[in-house]
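As structure tokens, the structure follows; a few thoughts come after it.
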Amino acid sequence: ERLVLFICQDPYCSFQTFEKLLIANRGEIACRVIKTCKKMGIKTVAIHSDVDANAVHVKMADEAVCVGPAPTSKSYLNMDAIMEVIKKTRAQAVSLNESICCSFISLLSLQASEGVTFIGPDTHAIQAMGDKIESKLLAKNAKVNTIPGFDGVVKDADEAVRIAREIGYPVMIKASAGGGGKGMRIAWDDEETREGFRFSSQEAASSFGDDRLLIEKFIDNPRHIEIQVCVLADKHGNALWLNERECSIQRRNQKVVEEAPSTFLDPETRRAMGEQAVALAKAVKYSSAGTVEFLVDSSKNFYFLEMNTRLQVEHPVTECITGLDLVQEMIRVAKGYPLRHKQADIPINGWAVECRVYAEDPYKSFGLPSIGKLSQYQEPLHVPSVRVDSGIQQGSDISIYYDPMISKLITYGSNRAEALKRMEEALDNYVIRGVAHNISLLREVIIHPRFVKGDISTKFLPEVYPDGFKGHKLTDLERRELLATAASLYVAEQLRSQRFLGTPRIPIAKSKRSSWELSVRLGDGIYPVAVSKEGASFSVEVDGMKLNVTSEWNLASPLLSVTIDGTQRTIQRLSRNASGDTSIQFLGTVYKLQILTKVAAELSKYMPEKAAEDTSSILRSPMPGAVVAVSVKPGDTVSEGQEICVIEAMKMQNSMIAAKTGKV
Numbered sequence: 001e002r003l004v005l006f007i008c009q010d011p012y013c014s015f016q017t018f019e020k021l022l023i024a025n026r027g028e029i030a031c032r033v034i035k036t037c038k039k040m041g042i043k044t045v046a047i048h049s050d051v052d053a054n055a056v057h058v059k060m061a062d063e064a065v066c067v068g069p070a071p072t073s074k075s076y077l078n079m080d081a082i083m084e085v086i087k088k089t090r091a092q093a094v095s096l097n098e099s100i101c102c103s104f105i106s107l108l109s110l111q112a113s114e115g116v117t118f119i120g121p122d123t124h125a126i127q128a129m130g131d132k133i134e135s136k137l138l139a140k141n142a143k144v145n146t147i148p149g150f151d152g153v154v155k156d157a158d159e160a161v162r163i164a165r166e167i168g169y170p171v172m173i174k175a176s177a178g179g180g181g182k183g184m185r186i187a188w189d190d191e192e193t194r195e196g197f198r199f200s201s202q203e204a205a206s207s208f209g210d211d212r213l214l215i216e217k218f219i220d221n222p223r224h225i226e227i228q229v230c231v232l233a234d235k236h237g238n239a240l241w242l243n244e245r246e247c248s249i250q251r252r253n254q255k256v257v258e259e260a261p262s263t264f265l266d267p268e269t270r271r272a273m274g275e276q277a278v279a280l281a282k283a284v285k286y287s288s289a290g291t292v293e294f295l296v297d298s299s300k301n302f303y304f305l306e307m308n309t310r311l312q313v314e315h316p317v318t319e320c321i322t323g324l325d326l327v328q329e330m331i332r333v334a335k336g337y338p339l340r341h342k343q344a345d346i347p348i349n350g351w352a353v354e355c356r357v358y359a360e361d362p363y364k365s366f367g368l369p370s371i372g373k374l375s376q377y378q379e380p381l382h383v384p385s386v387r388v389d390s391g392i393q394q395g396s397d398i399s400i401y402y403d404p405m406i407s408k409l410i411t412y413g414s415n416r417a418e419a420l421k422r423m424e425e426a427l428d429n430y431v432i433r434g435v436a437h438n439i440s441l442l443r444e445v446i447i448h449p450r451f452v453k454g455d456i457s458t459k460f461l462p463e464v465y466p467d468g469f470k471g472h473k474l475t476d477l478e479r480r481e482l483l484a485t486a487a488s489l490y491v492a493e494q495l496r497s498q499r500f501l502g503t504p505r506i507p508i509a510k511s512k513r514s515s516w517e518l519s520v521r522l523g524d525g526i527y528p529v530a531v532s533k534e535g536a537s538f539s540v541e542v543d544g545m546k547l548n549v550t551s552e553w554n555l556a557s558p559l560l561s562v563t564i565d566g567t568q569r570t571i572q573r574l575s576r577n578a579s580g581d582t583s584i585q586f587l588g589t590v591y592k593l594q595i596l597t598k599v600a601a602e603l604s605k606y607m608p609e610k611a612a613e614d615t616s617s618i619l620r621s622p623m624p625g626a627v628v629a630v631s632v633k634p635g636d637t638v639s640e641g642q643e644i645c646v647i648e649a650m651k652m653q654n655s656m657i658a659a660k661t662g663k664v
């Protein structure tokens with residue numbers, strides 16, 4: 001009897017929902033849904049493409065079925081195949097990819113005839129809010145503040161130019177069925193409007209199967225703030241807003257860093273935004289968790305941007321400050337239960353920050369996709385108050401077919417400063433090898449004085465890094481710390497190589513050395529460094545200053561905790577070779593150094609340097625992807641800046657241009 005009472009008190013087991021749920025998604029969000037289903041005792045069915053056969057979400061689910069080849073249109077968006085899986089596995093409920101939802105009307109008959117329930121709002125709400133044109137009209141009717149613009153479908157490039165002139169530049173060209181930054185372009189003149197129309201319509205057709213576009217006024221220098229809405233409209237009529245998320249740090253209209261709550265909103269503005277979000281949700285009889293996005297100007301005027309009828313990528317920060325499991329709430333609502341909370345019950349407890357960790361090169365346009373196999377992967381779960389939502393593991397492949405997200409890294413604290421400090425520590429302790437990643441950019445953002453003060457907008461990255469991101473700029477003290485750490489690592493390696501299973505290789509060898517004179521190259525500088533061993537520590541002289549470096553020197557570990565004159569640093573040595581070249585991740589940024597003995601450094605000046613490859617006559621794609629269009633042919637004369645081809649990578653289209661005038 002005591003056992004039964006204990007089980008019933010578990011919030012995940014105190015009500016009956018579904019026996020089996022099919023998840024029509026992949027990656028971290030599929031894994032996130034499976035975790036809650038396991039807690040609720042619900043069996044899960046995963047779908048996957050052939051290249052995702054060994055994906056984490058496939059291994060986590062109770063059942064898994066392949067629905068087609070790698071391209072999403074032939075697998076994760078293959079409606080016929082997914083319907084067959086639903087029937088075959090006898091799933092009682094389905095959690096859908098939003099891209100499917102808008103065109104999954106045929107599933108309504110399945111719902112009626114076979115009793116399949118959808119985890120999410122009904123089709124009417126999905127269609128209304130998934131269509132940016134219709135959603136804007138509905139928002140106006142619901143008395144929600146909207147951005148000035150054209151409320152119809154733009155037919156062609158000429159009409160786009162005419163509308164843009166009427167609205168006044170700059171304008172935002174957006175895919176009507178879009179999201180996630182895809183199918184969006186900012187245009188500042190007629191030429192950019194024509195080009196933006198072409199690329200946005202192509203991206204929209206590729207990503208959403210719908211090339212319709214709308215145009216609205218681009219609000220310069222805004223904040224991007226969302227309101228999480230949890231609504232129950234199936235005869236109960238209850239509605240809640242679960243506070244806001246600040247999502248202003250973006251690149252290419254895609255969010256990079258999010259936090260909850262926002263440093264910018266006061267209680268009155270927060271309440272007004274929340275009430276308008278709920279009013280819009282009620283206007284479309286919304287019945288699930290969803291997100292209403294707003295742009296907020298410097299005077300705290302806010303304008304409706306769009307409503308996302310799905311579990312947003314950044315939902316964990318809302319869960320952290322409210323204590324709610326949004327997936328559980330969605331499943332309960334879908335089953336017909338009323339909400340268990342009132343608006344007055346929704347707290348703001350503490351502060352949460354989320355960083356989106358991507359397989360991207362942040363030094364190229366703040367992040368161009370990288371592909372490859374994760375040769376080593378270790379999440380920083382040993383750091384207190386850290387949550388990692390991921391759909392990959394060591395050995396996973398990052399391919400050109402899907403979004404390059406590795407994980408969502410979330411930290412929580414009693415206040416913002418504590419949450420940011422934990423994020424800094426978590427980023428330093430995150431091990432990712434085999435692909436390029438954006439850890440360095442994320443770390444620089446969260447420690448930047450403007451971000452720390454809360455002085456942010458959607459233009460933060462281009463304003464702070466007008467010439468592009470270059471990595472962390474070392475202070476003189478940090479440079480000395482890096483040189484001392486690198487030199488100590490070198491000496492520790494030399495000492496380890498003299499021992500075999502803790503015993504000297506040659507018992508009759510001469511007594512150990514206690515001092516080393518080294519030459520360390522960092523960037524354009526060459527620095528003499530003297531190292532002497534003092535017990536378990538190294539005394540290192542750099543620039544005439546002595547630093548004490550202490551560590552356990554476990555060189556087999558991907559993470560090294562080093563203390564330099566009392567300051568603790570977590571570093572990663574990524575590579576080394578016999579020529580003295582080594583790469584060290586220090587303060588988030590990877591630095592390339594060359595460490596040589598004084599004698600070797602003297603001799604190295606006689607080594608010829610390898611000439612750099614001349615690439616001025618070559619057009620080389622800066623990222624892996626598919627060539628979707630070639631605008632020239634052999635023999636054509638092209639001018640500097642002329643489009644040569646279009647590369648599609650991770651559903652984004654990029655125009656490749658000639659770097660100089662010449663003949664193809």
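In terms of full-length UniProt numbering, the sequence shown opens at residue 1 and continues consecutively.
Note that CB positions come from ideal geometry on N, CA and C, so glycine has one too.
Closest to Tyr303 by CA distance: which of Glu379, Asp266 and Arg223 is it?
In the sequence shown, counting from the first residue as 1, residue 303 sits at position 303. For Tyr303, the nearest C-alpha among the options comes from Arg223.
Inspect the CB distances between the segment 481 to 491 and the segment 460 to 470 and report whether three or more fall short of 8 Å.
no
Inter-residue Cα distance where the pair is Val171 and Arg416
Taking the sequence shown and counting its residues from 1, one reaches residue 171 at position 171. Taking the sequence shown and counting its residues from 1, one reaches residue 416 at position 416. Taking the straight line joining both Cα atoms gives about 34 Å.
If you draw a straight line from the C-alpha of residue 665 to the C-alpha of Ala30, how long is it?
What is shown of the chain runs 1 to 664, which leaves residue 665 out entirely.
For the beta strand (DSSP E) containing Met424, name the first residue and the last one.
Mapped onto the sequence shown, residue 424 falls at position 424. According to the sequence shown, residue 424 is Glu rather than Met. Segment Arg416 to Asp428 is the alpha helix (DSSP H) holding Glu424; no beta strand (DSSP E) there.
Are the CB atoms of Gln250 and Thr17 within a distance shorter than 9 Å?
The count along the sequence shown starts at 1 and reaches residue 17 at position 17. The count along the sequence shown starts at 1 and reaches residue 250 at position 250. For Thr17 and Gln250, no; Cβs fall outside 9 Å.
Can you give the Cα-Cα distance for Arg569 and Ser532, rounded to whole angstroms?
Locating residue 569 in the sequence shown gives position 569, where the first residue counts as 1. Locating residue 532 in the sequence shown gives position 532, where the first residue counts as 1. The straight-line gap from Cα to Cα measures roughly 21 Å.
Give the secondary structure of Pro369 by DSSP, where H, G and I count as helix, E and B as strand, and everything else as coil.
Position 369 of the sequence shown holds residue 369. Pro369 falls in the strand class under three-state DSSP.
C-beta atoms of Ile410 and Ser390 nearer than 9 Å:
For the purposes of this step, residue 410 is identified with residue 410 of the sequence shown, where counting begins at 1. For the purposes of this step, residue 390 is identified with residue 390 of the sequence shown, where counting begins at 1. Not closer than 9 Å, so no.
Suppose the cutoff is 7 Å on Cβ atoms and the five residues either side in sequence are ignored; what does the same chain contact list for Phe366 look like?
Taking the first residue of the sequence shown as 1, we reach residue 366 at position 366. Counting only Cβ-Cβ distances below 7 Å, and skipping sequence neighbours, we find Arg251, Leu441, Leu461 and Phe469.
List the whole-angstrom C-beta distance separating Pro380 from Tyr430, where the pair is believed to meet the contact cut-off of C-beta under 8 Å.
As a working note, residue 380 is residue 380 in the sequence shown. As a working note, residue 430 is residue 430 in the sequence shown. With a Cβ gap of about 5 Å, Pro380 and Tyr430 count as contacting.
Sorted by chain position, which residues of the same chain lie with C-beta nearer than 8 Å to Leu213's C-beta, five sequence neighbours on each side aside?
In the sequence shown, the residue the question calls residue 213 occupies position 213. Excluding positions up to five away in sequence, the list reads Val153, Val154, Ala160, Ile173, Lys174, Ala175, Ser176, Gly183, Phe197, Ser200, Ser201 and Ala204.
When burial is assigned at 16 or more other CB atoms within 10 Å of the CB, is Asp220 buried or exposed?
The residue given as residue 220 occupies position 220 in the sequence shown. Counting Cβ neighbours within 10 Å, Asp220 comes out exposed, since fewer than 16 surround it.
With respect to the beta strand (DSSP E) encompassing Ser95, which residues constitute its N-terminal and C-terminal limits?
Within the sequence shown, numbered from 1, the residue matching residue 95 stands at position 95. First-last of the beta strand (DSSP E) with Ser95: Ala93 to Leu96.
Pull up the CB-CB distance for Thr44 and Leu21, whole angstroms please, since I reckon it's below 8 Å.
Counted from its first residue, the sequence shown places residue 44 at position 44. Counted from its first residue, the sequence shown places residue 21 at position 21. The Cβ separation is near 6 Å, so the contact holds.
Closest by CA to Lys598, which one among Arg513, Thr637, Asn301 and Leu518?
Sequence index remark: in the sequence shown, residue 598 carries index 598 (1-based). It is Leu518 whose Cα lies nearest to the Cα of Lys598.
When you compare the CB positions of Gly27 and Ile392, do they come within less than 9 Å of one another, or not?
Translated into the one-based positions of the sequence shown, residue 27 becomes position 27. Translated into the one-based positions of the sequence shown, residue 392 becomes position 392. Yes.
With a Cβ-Cβ cutoff of 9 Å, do Gly372 and Gly434 count as a contact?
Here residue 372 corresponds to residue number 372 of the sequence shown, with the count starting at 1. Here residue 434 corresponds to residue number 434 of the sequence shown, with the count starting at 1. It is a contact, given that the beta carbons lie within the stated cut-off.
Proximity to Glu424 [Cα-Cα], best of Gly588, Lys143, Asn141 and Gly149:
Position 424 of the sequence shown holds residue 424. Closest option to Glu424, Cα to Cα, is Gly588.
Considering only residues of the same chain and omitting the five flanking positions on each side of Lys663, which have a CB-CB separation below 6 Å?
In the sequence shown, the residue the question calls residue 663 occupies position 663. Hits under 6 Å: Thr637.
Checking 9 Å against the spacing of the C-beta atoms, do Ser287 and Asp122 come in under that value?
Position 287 of the sequence shown holds residue 287. Position 122 of the sequence shown holds residue 122. A contact, by the Cβ cut-off of 9 Å.
Is Gln250 helix, strand or coil when you go by DSSP?
Here residue 250 is taken as the residue at index 250 of the sequence shown, counted from 1. In this structure, Gln250 counts as strand in the three-state DSSP scheme.
Grab me the residues of Gly323's own chain with a C-beta within less than 8 Å of its C-beta, minus the 5 sequence neighbours each way, in chain order.
Stepping through the sequence shown from its first residue, residue 323 is reached at position 323. Same-chain partners within the cutoff: Pro347 and Asn349.
Using three-state DSSP, classify Val542 as helix, strand or coil.
What you label residue 542 is simply residue 542 of the sequence shown in a count that begins at 1. In this structure, Val542 counts as strand in the three-state DSSP scheme.
Could you say which of Val549, Arg443 and Lys38 lies nearest to Thr563 if we only look at CA atoms?
Walking along the sequence shown from the start, residue 563 turns up at place 563. Nearest option by C-alpha distance: Val549.
Grouping DSSP H, G and I as helix and E and B as strand, with all else coil, what is Leu560?
Here residue 560 refers to the residue found at position 560 when the sequence shown is read from its first residue. Leu560 falls in the strand class under three-state DSSP.
Take Asp581 and list the residues in its own chain whose beta-carbon comes closer than 6 Å to its own, dropping the five residues that flank it on each side.
Working through the sequence shown from its first residue, we reach residue 581 at position 581. So the qualifying residues of the chain are Gln594.
What do you get for Pro369, buried or exposed, if any count of 16 or more other CB atoms within 10 angstroms of its CB means buried?
Translated into positions along the sequence shown, residue 369 becomes position 369. Buried is the call here.
Skipping 5 residues on each side, what residues in its chain have a beta carbon closer than 6 Å to that of Glu216?
Reading the sequence shown from its first residue, position 216 is the one you call residue 216. Excluding sequence neighbours, Glu216 sits near Ile147, Gly149 and Met172.
Ala278 vs Leu240 beta-carbon contact at 9 Å:
As a working mapping, residue 278 is identified with position 278 in the sequence shown. As a working mapping, residue 240 is identified with position 240 in the sequence shown. Contrary to the premise, residue 278 reads as Val rather than Ala in this sequence. A contact, by the Cβ cut-off of 9 Å.
Would Gly395 and Tyr412 be called neighbours here (beta carbons separated by less than 9 Å)?
In the sequence shown, the residue the question calls residue 395 occupies position 395. In the sequence shown, the residue the question calls residue 412 occupies position 412. Contact: no.
Member of Ile34, Asp52, Lys143 and Val85 whose CA lies at the smallest distance from the CA of Pro71:
Position 71 of the sequence shown holds residue 71. Taking only the C-alpha atoms, the option nearest Pro71 is Asp52.
For Asp189, the nearest candidate out of Arg162, Asp210, Ala436 and Ile225 (CA to CA)
Residue mapping note: residue 189 aligns to position 189 of the sequence shown, counting from 1. Answer by Cα proximity: Arg162.
On the three-state DSSP scale, how would you describe Val144?
On the sequence shown, position 144 is the one that residue 144 refers to. In this structure, Val144 counts as coil in the three-state DSSP scheme.
How about Ala659 and Glu640: are their beta carbons less than 9 Å apart?
For this step, residue 659 is matched to residue 659 along the sequence shown. For this step, residue 640 is matched to residue 640 along the sequence shown. It is a contact, given that the beta carbons lie within the stated cut-off.
Per-residue DSSP class, three states only, for Gln498
For the purposes of this step, residue 498 is identified with residue 498 of the sequence shown, where counting begins at 1. Three-state DSSP puts Gln498 in coil, outside helix and strand.
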